[in-house]
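Heads up, the sequence shown is in the working numbering, so the first residue is 3 and it goes up one at a time.
Even glycine gets a Cβ: it sits at the ideal position worked out from N, Cα and C.
Remember, it's a predicted structure, so these values are computed and weren't measured experimentally.
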Amino acid sequence: MIDDDRPEISVIMPAWKSADFISASIASVQAQKDIRWEMIVVEDASPDHTGEVVKAIAAADPRIRLETFPENRGPAAARNRAIQLSRAPFVAVLDDDDAMDPMRLRTLVDIAETESADIVVDNMLEVEDAPGGAALGRFLNLPEDGSVHKVSLREYMDPRDEDRFGASLGYLKPLFRRSALRMGYDETLRNSEDFFFVAHLLAQGASMVLTPQALYYYTRRQGSLSWRLSAENAASIVGACEAFVRRYEAGFTPDEKQASKRMLRQRRDNRNFAMLVEAIKSRHLGRALAALVRAPQSVPFMTSEFLRIAGQKLKTSTRPAAL
Numbered sequence: 003m004i005d006d007d008r009p010e011i012s013v014i015m016p017a018w019k020s021a022d023f024i025s026a027s028i029a030s031v032q033a034q035k036d037i038r039w040e041m042i043v044v045e046d047a048s049p050d051h052t053g054e055v056v057k058a059i060a061a062a063d064p065r066i067r068l069e070t071f072p073e074n075r076g077p078a079a080a081r082n083r084a085i086q087l088s089r090a091p092f093v094a095v096l097d098d099d100d101a102m103d104p105m106r107l108r109t110l111v112d113i114a115e116t117e118s119a120d121i122v123v124d125n126m127l128e129v130e131d132a133p134g135g136a137a138l139g140r141f142l143n144l145p146e147d148g149s150v151h152k153v154s155l156r157e158y159m160d161p162r163d164e165d166r167f168g169a170s171l172g173y174l175k176p177l178f179r180r181s182a183l184r185m186g187y188d189e190t191l192r193n194s195e196d197f198f199f200v201a202h203l204l205a206q207g208a209s210m211v212l213t214p215q216a217l218y219y220y221t222r223r224q225g226s227l228s229w230r231l232s233a234e235n236a237a238s239i240v241g242a243c244e245a246f247v248r249r250y251e252a253g254f255t256p257d258e259k260q261a262s263k264r265m266l267r268q269r270r271d272n273r274n275f276a277m278l279v280e281a282i283k284s285r286h287l288g289r290a291l292a293a294l295v296r297a298p299q300s301v302p303f304m305t306s307e308f309l310r311i312a313g314q315k316l317k318t319s320t321r322p323a324a325l
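This is the structure in structure tokens:
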């Protein structure tokens, strides 16, 4: 006998300092069509009234549950707790300032079933952070013929494929088959926890597909153009990357080994650049020079990043004002 009350999918959402916009994110889940869902929101000790906003919504909709952390533990810990509380055979990640197309959950579950996939990701539509948020374009450069693409571990790791897709696949928000979740998120990470979670699952044999449909609406927040990764977080990411390679490299194919080397090089470049940026912002010339001397191999990357950020800021400053 089929339990018609059992949710087909659990939507998990870490929430922090999102009182002004989380209701719209939750509303996009409530608008999902042709699927039974539940939603678990883990409020991560916000300094604002995020918890009160979610509590009021959940009081009127029993499909939504709220868990509150007494102290801030980060998005990875919040996702792990939400997964523990969830019940459905599929789990979908939604950030507290983003939204979804009304058919997203139904579409992704159907793709997972048709392709026998453990992980499904879709393209994202970037939306401006403004009232009525205008669409800014699709996140990845993908053909819109509707066909799905099977993502290999090599592709997922390799920074060279970011040029082919237009960005890292690690930014996408996955749907997971619960039976494939053999581990949790790395709670030592405050950034890139999604990337490494998926990478571990792929290295453990999970299958992943990408659909070109842009069903996830990613909010491009103001101020997101500049470099925002702290040196501390960047160093943690390098540590996670090194640990990942050590754990799985014995089973890597030759192509995967080369991709993992490029991935580690990229993460180290990011760390070195973050250290340089923090030294410049603190007006510590000696530390900035030391960052350059210690990492000459990262100088080309640092130069390209400075030029990219300067170009984006110039483009923003010269944008015509709205009438």
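- When the alpha-carbon of V279 is set against those of R249, P91, E234, P145, the nearest one is in E234.
- In terms of Cβ geometry, R106 and L217 form a close pair [threshold 9 Å].
- The region 15-32 makes contact with the region 92-109, as at least three CB pairs between them are under 8 Å.
- Under the three-state reduction of DSSP, H151 is assigned to strand.
- Secondary structure note for T52: its alpha helix (DSSP H) is the uninterrupted segment 52-62.
- Judged by beta-carbon spacing, N272 lies within the 9 Å limit of V240, meaning their Cβ atoms are closer than that value.
- The region 92-145 is shown to contain whole beta strand (DSSP E) runs of 3 or more residues at 92-95, 121-130, 137-140, in chain order.
- Distances from the alpha-carbon of R81 to those of P176, V247, R8, D124 put P176 closest.
- Nearest C-alpha to G207 among M185, T221, G139: M185.
- By the Cβ rule, the region 36-48 counts as touching the region 10-26, because three or more pairs are nearer than 8 Å.
- Scanning its chain for C-beta atoms nearer than 6 Å, with the 5 sequence neighbours on each side dropped, one finds around Q215 the residues D124, in chain order.
- The straight-line gap separating the alpha-carbon atoms of F254 and M159 is approximately 12 Å.
- Rounded to whole angstroms, the gap between the alpha carbons of V150 and E189 is 31 Å.
- For L278, the uninterrupted alpha helix (DSSP H) segment begins and ends at 256-283.
- The Cβ atoms of L212 and K152 sit closer than 9 Å to each other.
- Taking 9 Å as the cut-off, the beta carbon of L138 is found no closer than this to the beta carbon of E146.
- Assignment of beta-bridge partners to I85 by DSSP yields no partner.
- Measuring C-alpha to C-alpha distances from A33 to each of R108, R89, D7 identifies R108 as the nearest.
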